[in-house]
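Everything below concerns the one structure shown next.
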Amino acid sequence: YVSRSSMEVGVRVTRENPTTGDSQLATTAHLTLVALDNNKRPVAAPPLMPETDEEKRRYENARLRVRQRKERLKQPS
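The number in the working numbering is simply the position in the sequence shown, starting from 1, with 177 added.
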């Protein structure tokens, strides 16, 4: 998901048994990154155009996560 200057990046970490070669999912994360210029100021991020059904599904899920995160931040602690 890409907004004006930020983007959500999904990360999957797997572990592999060096003896058997079997791999297994270890963890996942969704990271928010911000595009910065040379002065470390936010700058417009290139747009993301999901094409496949899977890309569209992932984009929509990320959009919903961003919206939910913003709503949580508005709530008093």
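Where is the CB? At the ideal position from N, CA and C, for every residue including glycine. The structure displayed is predicted, hence computed values, not measured ones.
Anticipated Cβ contact below 8 angstroms, residue i with residue j, distance rounded
i	j	result
ARG192	GLN201	6 angstroms
Residue i - DSSP class collapsed to helix/strand/coil
i	result
GLU232	helix
LEU202	strand
Beta-carbon proximity of residue i to residue j, cut-off 8 angstroms
i	j	result
LEU210	PRO219	no
ARG181	ALA206	no
PRO227	LYS233	yes
Which residues DSSP lists as bridging residue i, in chain order
i	result
GLY187	HIS207
LEU213	PRO219
ARG242	DSSP lists no partner for ARG242.
Buried or exposed (CB count within 10 angstroms, at least 16 for buried), residue i
i	result
GLU179	It is Val, not Glu, that sits at residue 179 in the sequence shown. Buried, by the Cβ-count rule.
ALA239	buried
GLU185	buried
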